[in-house]
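Take a look at the structure below.
Numbering (the numbering used here), first residue to last: 87 to 525.
Rendered as structure tokens:
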């Protein structure tokens, strides 16, 4: 008896093994080995995630050894044109701004939370009932000579005509044409999914910690921004917004900002975006903004000068939005998954529908009065990867700049002002003698 049970167990295991392998062989899609199995592919955020990990941090809230806190988020944007387009550097900057706004939206979600509405609806249908009542069936039910027969026949005709009009045909179409488009769903399975998420918050002191730009051959470039917020950055942002320097956090004195920036490295400048915090030689925290713009025409000095003006505005914009920004975002995703078995002209047919509607809207608004910034330079950069020149403008907000502005206002108030007029003519740039520097 024990021996029989042993043989039976072996038989069942063997049968199970054969059955399992038969299923995999009959269904190659269920057998990973038939296609080499699943594998990971690189996504744009991988380099940014590695950078954060190597620094000893993680996405979200981080606590450092000294007890201070900071938030880190990631955002991603796509360049909407190719490298041979004259507006490539405007597109690159817009991809950065898209990534930056997405990083801010992630910060808002972490701090403020979201209002989420969602629903999932599953619908199954089977219908083998006839679509119309045959005339002989009506005849048997109510009689040919009765008024009811004519009424039912007319009702059926009206319903068919109405169905044809919905498909784009009028009642004058031939019966054959109507039959060609008439179809009946016999069985269907449908899933509908709806999801929305909204949030809003004021942000001050959110900077672009680092920016990554990458592209696969033949693909458009991708920008990934690592956004960072900390209490110190928030205090700096408040000083910029209010103009009050009393609560500005101090830092350890370093080199001048010009010495800290890669002003002699065109490759670095080409990759510098957004607003970033530095500590200057006086130990004061400053914010440096980078702007990029392409000239409308290549090899035209006037067009390049205009591009540099535009780049300067973009640099100032980043500093202003660093100071205080109202960020609002909404995400919407509708999905439908549907399969239908239907009949048309006597044929049994099938069709599947996979649809998706996804929208992610992020809006940031900022306003500031008495804003003071200074230029740290404008640099025209040509790179063989791009057909267009990039003008990189660098602007800076600093406590020294604010104090210099206040001092200028005082001097202006205590002195008389005069006016002068004159005419100039176009000529090559030149310079005459210069007076003493002992102002």
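For glycine and all other residues, C-beta sits at the position ideal for the given N, C-alpha and C. Being a predicted model, the structure only gives us computed values, none of them experimental.
Buried or exposed by the 16-neighbour rule on C-beta atoms within 10 Å, applied to residue i
{"i": "residue 142", "result": "exposed"}
{"i": "residue 208", "result": "exposed"}
{"i": "residue 371", "result": "buried"}
{"i": "residue 312", "result": "buried"}
{"i": "residue 214", "result": "exposed"}
{"i": "residue 124", "result": "exposed"}
{"i": "residue 441", "result": "exposed"}
{"i": "residue 350", "result": "exposed"}
{"i": "residue 402", "result": "buried"}
{"i": "residue 406", "result": "buried"}
{"i": "residue 134", "result": "buried"}
{"i": "residue 151", "result": "exposed"}
{"i": "residue 455", "result": "exposed"}
CB-CB length for residue i against residue j, believed under 8 Å
{"i": "residue 473", "j": "residue 177", "result": "12 Å between Cβ atoms; not a contact."}
{"i": "residue 439", "j": "residue 355", "result": "About 49 Å; that fails the 8 Å criterion."}
{"i": "residue 190", "j": "residue 309", "result": "No, residue 190 and residue 309 are not in contact; Cβ-Cβ is about 14 Å, not under 8 Å."}
{"i": "residue 411", "j": "residue 452", "result": "4 Å"}
{"i": "residue 199", "j": "residue 285", "result": "7 Å"}
{"i": "residue 289", "j": "residue 478", "result": "Not quite, the Cβ-Cβ distance comes to about 25 Å (not below 8 Å), so this is no contact."}
{"i": "residue 194", "j": "residue 287", "result": "5 Å"}
{"i": "residue 463", "j": "residue 448", "result": "That belief does not hold up - the Cβ atoms of residue 463 and residue 448 are roughly 31 Å apart, past 8 Å."}
{"i": "residue 476", "j": "residue 175", "result": "4 Å"}
Local conformation of residue i per DSSP, three classes
{"i": "residue 491", "result": "helix"}
{"i": "residue 392", "result": "helix"}
{"i": "residue 419", "result": "strand"}
{"i": "residue 214", "result": "coil"}
{"i": "residue 302", "result": "coil"}
{"i": "residue 467", "result": "strand"}
{"i": "residue 413", "result": "strand"}
{"i": "residue 153", "result": "coil"}
{"i": "residue 355", "result": "helix"}
{"i": "residue 454", "result": "coil"}
{"i": "residue 203", "result": "strand"}
{"i": "residue 366", "result": "coil"}
{"i": "residue 162", "result": "strand"}
{"i": "residue 147", "result": "strand"}
{"i": "residue 447", "result": "strand"}
{"i": "residue 399", "result": "helix"}
{"i": "residue 476", "result": "strand"}
{"i": "residue 192", "result": "helix"}
{"i": "residue 382", "result": "coil"}
{"i": "residue 374", "result": "strand"}
{"i": "residue 131", "result": "coil"}
{"i": "residue 275", "result": "strand"}
{"i": "residue 168", "result": "coil"}
{"i": "residue 109", "result": "With a pLDDT of only 43 at residue 109, under the threshold of 50, the placement of this residue in the model should not be trusted, and no figure is reported."}
{"i": "residue 424", "result": "strand"}
{"i": "residue 431", "result": "coil"}
{"i": "residue 498", "result": "helix"}
{"i": "residue 125", "result": "coil"}
{"i": "residue 387", "result": "helix"}
{"i": "residue 185", "result": "helix"}
{"i": "residue 442", "result": "strand"}
Contacts around residue i, its chain only, beta-carbon distance under 6 Å, and the 5 residues preceding and following it disregarded
{"i": "residue 326", "result": "409, 483"}
{"i": "residue 426", "result": "271, 274, 437"}
{"i": "residue 182", "result": "309, 359"}
{"i": "residue 184", "result": "163"}
{"i": "residue 432", "result": "none"}
{"i": "residue 383", "result": "389"}
{"i": "residue 492", "result": "none"}
{"i": "residue 188", "result": "161"}
{"i": "residue 458", "result": "487, 488, 491"}
{"i": "residue 300", "result": "308"}
{"i": "residue 528", "result": "Residue 528 lies beyond the range of the chain shown here (87 to 525); nothing can be said about it."}
{"i": "residue 280", "result": "205, 420"}
{"i": "residue 269", "result": "428, 430"}
{"i": "residue 435", "result": "428"}
Contacts around residue i, its chain only, beta-carbon distance under 8 Å, and the 5 residues preceding and following it disregarded
{"i": "residue 179", "result": "359, 377, 378, 379, 400"}
{"i": "residue 339", "result": "365, 366, 367, 368, 369"}
{"i": "residue 306", "result": "164, 165, 166, 167, 168"}
{"i": "residue 149", "result": "155"}
{"i": "residue 334", "result": "321, 322, 325, 370, 371, 485"}
7 Å Cβ shell around residue i - same chain, five flanking residues per side excluded
{"i": "residue 346", "result": "340, 364"}
{"i": "residue 294", "result": "186, 311, 313, 359, 360, 361, 362"}
{"i": "residue 344", "result": "462"}
Subject >> Any alpha helix (DSSP H) of 4 or more consecutive residues that is wholly inside the region 291-352 >> reply: 317-328, 343-346
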